[in-house]
Structure formats: C-alpha cells, structure tokens
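Just so you know, the sequences run in chain order A and W.
According to full-length UniProt numbering, numbering within the first sequence proceeds without interruption in unit steps and concludes at 108.
According to full-length UniProt numbering, numbering within the second sequence proceeds without interruption in unit steps and concludes at 351.
Note that the Cβ used here is the ideal one computed from N, Cα and C, for glycine as well.
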Amino acid sequence: MYRQGDVLIVALEESAVPPNLLDAPGELRDGRGRLVLALGEVTGHAHAVPGPGRLIREGGVFGPMLLHLPDGGRVVHEEHAVIPLPKGWFRVVRQREYAPGAVRIVAD
Amino acid sequence: MEYVDSWRAVAAATGAADRSAAEDGVRLAYRSAGLAEPEEFVWADSPRAAVGLVRKLNDAGRSVREEVRTRPWAEERRRMYDELGPAGWSALWSATGAQLWETTAALAERIRAGVVAERTEPGELAERGEPPEGEAEVLQPEDESEIRLLLLDAVLGQHDAAWLAAFDGRGDRLDGLAAVARNAGWWWPYERTVVISERPEALHRDEAGRLDRGDGPALSYRDGFALYAWRGMPVPADFLAELTALTPERIRAEENAELRRVMLEFYGYDRYLTESGAEPVHRDETGILWRIALDGDEDVVMVEVVNSTPEPDGTYRTYWLRVPPTTRTAKDGVAWTFGLQGESYAPVRQT
Chain A
1 MYRQGDVLIV
11 ALEESAVPPN
21 LLDAPGELRD
31 GRGRLVLALG
41 EVTGHAHAVP
51 GPGRLIREGG
61 VFGPMLLHLP
71 DGGRVVHEEH
81 AVIPLPKGWF
91 RVVRQREYAP
101 GAVRIVAD
Chain W
1 MEYVDSWRAV
11 AAATGAADRS
21 AAEDGVRLAY
31 RSAGLAEPEE
41 FVWADSPRAA
51 VGLVRKLNDA
61 GRSVREEVRT
71 RPWAEERRRM
81 YDELGPAGWS
91 ALWSATGAQL
101 WETTAALAER
111 IRAGVVAERT
121 EPGELAERGE
131 PPEGEAEVLQ
141 PEDESEIRLL
151 LLDAVLGQHD
161 AAWLAAFDGR
171 GDRLDGLAAV
181 ARNAGWWWPY
191 ERTVVISERP
201 EALHRDEAGR
211 LDRGDGPALS
221 YRDGFALYAW
231 RGMPVPADFL
241 AELTALTPER
251 IRAEENAELR
261 RVMLEFYGYD
271 RYLTESGAEP
281 VHRDETGILW
291 RIALDGDEDV
301 VMVEVVNSTP
311 EPDGTYRTYW
321 LRVPPTTRTA
331 KDGVAWTFGL
341 QGESYAPVRQ
351 T
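1) Can you find the residues in the same chain that come closer than 8 Å, C-beta to C-beta, to residue 353/W, ignoring five residues on each side of it along the sequence?
2) Counting contacts by CB-CB distance shorter than 8 Å, is T104/W in contact with chain A?
3) Between W230/W and A50/W, which are expected to be in contact by the criterion C-beta below 8 Å, what is the C-beta distance as a whole number of angstroms?
4) Can you give the Cα-Cα distance for G88/A and V17/A, rounded to whole angstroms?
5) Are the C-beta atoms of A46/A and some chain W residue less than 8 Å apart?
6) For a cutoff of 8 Å on Cβ pairs, would you count S94/W as touching chain A?
7) A234/W touches chain A at which residues, Cβ-Cβ below 7 Å?
8) D284/W bridges to which residues according to DSSP?
9) Determine, for Q341/W, whether the minimum Cβ-Cβ distance to residues of chain A falls below 8 Å.
10) Buried or exposed: where does L21/A fall if 16 or more other Cβ atoms within 10 Å of its Cβ makes it buried?
11) So that I know if they touch, is there some Cβ in chain A lying closer than 8 Å to that of E298/W?
12) Out of curiosity, what's the CA-to-CA distance linking A179/W and L164/W?
13) Which chain W residues sit within Cβ distance under 9 Å of R96/A?
14) Which residues of the stretch 161 to 192 of chain W have a Cβ closer than 7 Å to any Cβ of chain A? Give them in chain order.
15) Suppose the cutoff is 6 Å on Cβ atoms and the five residues either side in sequence are ignored; what does the same chain contact list for T286/W look like?
16) Tell me which residue opens and which closes the alpha helix (DSSP H) that M80/W is part of.
17) Given that a residue counts as buried once 16 or more other Cβ atoms are within 10 Å of its Cβ, and exposed if not, what is N58/W?
18) At what residue ranges does the stretch 16 to 85 of chain A contain a whole run of the beta strand (DSSP E), taking only runs of 3 or more?
19) Between G342/W, R8/W, D299/W and V64/W, which has its C-alpha nearest A166/W's C-alpha?
20) Is it true that the CB of L227/W sits closer than 8 Å to the CB of P217/W?
21) Quick check: the Cα distance between V262/W and S276/W, rounded to an integer number of angstroms?
22) At a Cβ threshold of 8 Å, is V281/W touching chain A?
23) Counting only C-beta atoms, is G73/A closer than 8 Å to chain W at any point?
24) Of the residues H47/A, L37/A and G51/A, which one's Cα is nearest the Cα of P70/A?
25) With a cut-off of 8 Å, do at least 3 Cβ pairs link the stretch 169 to 185 of chain W to the stretch 14 to 24 of chain W?
26) Following the continuous alpha helix (DSSP H) through S46/W, name the residue where it begins and the one where it ends.
27) For A108/W, which option in L219/W, F266/W, R283/W and H282/W has the closest C-alpha, if you only look at C-alpha atoms?
28) Can you grab the Cα-Cα spacing for the pair A91/W / H47/A, in whole Å?
29) Which of the three DSSP states is assigned to Y2/A in this structure?
30) How many whole angstroms separate the CB atoms of G31/A and D5/W, which I take to be in contact at a CB cut-off of 8 Å?
31) Would H80/A pass as an interface residue toward chain W - the criterion being a Cβ-Cβ separation below 8 Å?
32) May I ask you to report which of helix, strand or coil DSSP gives E255/W?
33) Need the endpoints of the beta strand (DSSP E) that R94/A sits in, please.
34) Can you have a look at A241/W and say buried or exposed, based on whether 16 or more other CB atoms are within 10 angstroms of its CB?
35) Have a look at A253/W and E279/W and give me their C-alpha separation to the nearest angstrom.
36) So for F41/W, helix, strand or coil by DSSP?
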C-alpha cells in the first residue's frame with residue numbers, strides 16, 4: 001500500500017482482479033505519454049505513471065481504477081516525491097471527504 | 001487524449017468572444033446542416049441577457065438546433081460507435097469526454113439555475129409591467145417553465161467541450177460547432193437569427209473543478225450576471241461579505257447548517273478548534289481526531305493529518321479532513337477517506 005497525497009495505491013493479487021478486466025483495454029495516455037491516476041482540474045498537476053503499464057477504469061470519473069505494471073514503475077506528481085512501485089496489479093483509490101448527505105473527493 | 005487538454009481550456013475559457021470567428025463557425029454549422037446561412041447575429045453579454053433577447057424575437061423563424069447540433073452529433077456518434085465497436089467507443093469516451101463531463105455539465109446546470117432564478121425575480125416582472133406582489137408571487141410558474149424551455153434550446157458553445165473533445169480529429173462535420181465553442185459562449189440557432197452570448201469574464205474553481213471563491217462571484221459575465229459559490233456550494237452574494245468578519249460565536253449562531261459548514265471551512269477548522277477550546281478525541285501514528293459538537297446538527301469530526309512531503313521551506317503542511325461522525329480513532333478516519341477499515345490501512349511509503 002502506497003500513498004501519494006490524495007491517492008492511495010493498494011497492491012492486489014492477480015487472482016483478485018476481476019477476470020473480465022485482466023485484458024480490458026486501458027485508458028489512453030495524456031499528451032506527455034503518461035497514465036494519469038488523478039488530475040487537478042485547475043493547476044493541471046497530476047498523479048501519473050510515466051513508464052510502461054496499463055490503467056483500467058472500473059467505473060465513474062473518480063475511480064476506482066486498476067493499475068497493471070508488468071515491469072514495475074513509479075508514480076510522479078509535481079508537488080510530491082516519486083514513489084517507486086514493484087511489478088504487479090494495484091487498485092488506485094482517490095481520497096474522499098465526508099460531507100453530511102454526500103461524499104466529496106479531496107483535491108490536494 | 002491529446003485533445004482533452006485543449007478542450008479543457010475551451011470549457012474554462014473567459015474573456016471577450018472572437019465574434020467574427022464565432023459567426024464564421026455558425027455559418028459553417030448551418031451550411032454543414034444543409035441550411036441557408038442565418039441573416040442576422042444578435043450578441044448578448046451573458047446567457048441571462050441572451051434569454052431576454054430570445055424572448056423578444058418575433059421574426060427569427062423556427063429553432064434549427066436539431067439540424068445544426070443534435071442530428072449531426074448523433075450521427076457522428078453512431079458512425080464512430082459502428083467504427084470502434086462498443087468497447088472502443090467506451091474507451092474513447094472515457095479518455096476524452098468523460099474527463100470533462102462532470103465539471104462542465106455541473107457548470108452548465110448552475111448557469112441554467114442562475115438564469116431561471118434571476119429571470120423570475122421581481123425586477124424582471126416589473127420590467128414587463130407586472131409589479132411584484134410580495135415574495136410568494138415572485139416565482140411565476142409559467143415564466144419559469146418558458147425560460148427553462150428556452151435554456152434547453154441553447155447550444156452550449158464552450159460548455160459542449162466534453163463531446164467535442166470526443167469527436168475531435170475524427171472528421172470535419174462538426175467543425176462549425178467546434179469553431180463556435182472555441183470562440184464564444186451559449187447560442188440559440190433560429191432560421192434567420194442567431195442569438196449568441198459572450199463568455200464569462202471570470203471563472204474561479206477549486207482543484208476538483210467546482211465553482212469556488214470566497215471574496216466575490218465564482219462566475220461572472222460582463223453585464224453583471226454572476227454565480228456565487230464556495231467549494232461548489234451555491235451561497236448568497238451578501239453571505240460572502242460576512243465571511244471575512246466571522247467569529248466562533250457567529251458560526252455557532254448560524255441556523256442554516258449548510259451555510260454554517262461553509263463558515264467553518266472558510267474560517268478554518270484549525271482556528272475554530274483553537275479558539276473554541278476543542279480538545280482532541282484521539283491521537284495515533286496517522287494523525288489526530290477532533291470533534292466539534294454543534295447544536296441541532298451532527299457533530300463535525302475531523303482528522304488532522306500532516307502532509308508527508310515537506311513544503312519548499314522545509315515545513316510540513318497540516319490539513320484537516322472531515323470524516324463520518326461515528327469515527328472513533330484517527331486511523332479509522334484516515335482509512336475511511338480511502339474507503340478502507342482502520343485495521344487494513346497501512347501504507348509502506350507516503351509522499
């Protein structure tokens with residue numbers, strides 16, 4: 001389990017990945033060739049994976065998402081230190097905040 | 001994906017329209033739809049003003065929104081769906097339009113609500129020779145539904161960015177619509193006349209893309225049409241003026257729970273905690289749990305967390321996250337913010 005700001009990256013056994021998602025098409029990369037785990041709407045700062053891998057959205061704009069890094073990789077962000085990740089599958093969780101009657105995502 | 005960022009910028013663009021580029025775009029959209037070009041362009045300073053002008057049109061012909069916007073859009077979508085297949089279309093939408101959809105759709109809905117609210121206020125009725133008869137009569141149901149229908153007739157220009165992003169680079173049929181979107185705000189296409197609005201002068205949002213400003217309108221147009229919001233929550237204009245002079249007593253005295261929450265966020269939970277003499281409820285390696293009891297409302301429970309990455313000056317930023325009132329420990333609170341139980345939250349590395 002790894003945390004970069006408002007994003008938590010939880011290692012998953014491959015057996016825990018829903019079978020229909022093992023070969024699902026991944027998200028497209030951004031203009032800089034990165035997989036974007038979460039993007040700040042105003043600053044454009046992003047939690048992103050620059051190297052090889054695949055990001056699969058399970059549903060909804062704010063996740064959850066699955067990240068597959070067959071060779072390992074790293075998560076970068078303009079304001080946080082780099083986090084190296086081992087090879088394997090991960091669930092990417094965006095931080096949320098409680099609001100009475102609703103739940104809001106956190107923007108760091 | 002390469003198009004998303006440029007359309008993200010289009011959706012958030014402010015400042016004067018490029019009127020001639022927008023009008024060229026409209027003409028192209030009419031020609032692409034097999035229609036004669038419109039004879040007349042009427043510019044408005046805001047969607048609110050545009051609705052007023054549309055209501056006064058009497059020789060504009062019928063609305064051609066269906067031919068100019070809806071049908072070409074639907075046909076392009078069908079063409080791409082057939083070409084890419086269900087999974088391919090879904091992947092394309094997810095990588096393009098879906099990235100912009102929530103924030104622009106929410107913004108457009110707020111603008112609609114703002115126009116409806118202002119267009120049915122007493123000033124407008126008086127303008128039409130119908131003096132207001134007290135607050136109960138302010139909302140005229142027939143006016144409101146007429147205005148809502150007119151708003152549904154609009155082409156959203158820059159706020160159609162989500163689906164224009166999905167279609168970008170895949171054909172030229174929507175080039176006219178895209179050109180208007182890049183250069184102007186909402187527009188109303190009729191056979192002979194097009195009513196078209198300027199873009200906002202100012203747009204302030206938070207990192208999540210929600211309307212957000214503490215010292216003025218979060219969205220404003222040059223004729224004064226404006227929306228006020230704090231982290232996405234609509235607030236009255238005069239409420240903001242009061243925020244800079246808040247005291248813990250004033251916050252406690254506010255009876256509207258929503259507004260009291262905004263006051264608390266604006267004032268700062270940390271400051272409120274200090275000045276109201278609150279005591280921490282629990283403390284562990286993940287942070288500190290605080291609780292503020294409020295009369296007539298559920299308790300505010302927060303975890304205080306220290307950022308793991310130092311600021312440029314070497315200090316560490318502390319921040320507060322609100323968690324459900326049933327939370328008992330700091331770790332349970334932090335874990336909840338990531339959808340986990342306290343016992344399963346254990347990052348091996350944090351930055």
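Once the coordinates are examined:
1) For chain W, the structure presents residues 1 to 351; residue 353/W sits outside this window and is missing.
2) no
3) Rounded, the Cβ-Cβ distance is 27 Å, inconsistent with contact.
4) 11 Å
5) no
6) yes
7) The sequence as given places Pro at residue 234/W; Ala does not occur at that position. Residues of chain A passing the Cβ test: none, with the nearest at roughly 14 Å.
8) G287/W
9) no
10) exposed
11) yes
12) 10 Å
13) L321, W336, T337, F338 and G339
14) none
15) A330, K331 and V334
16) R71 to A95
17) exposed
18) 35 to 39, 46 to 49, 54 to 57, 65 to 69, 73 to 77 and 80 to 85
19) R8/W
20) yes
21) 17 Å
22) no
23) no
24) G51/A
25) yes
26) Neither: S46/W is in no alpha helix (DSSP H) and is coded neither H nor E.
27) L219/W
28) 20 Å
29) strand
30) 6 Å
31) yes
32) coil
33) G88 to R94
34) exposed
35) 21 Å
36) strand
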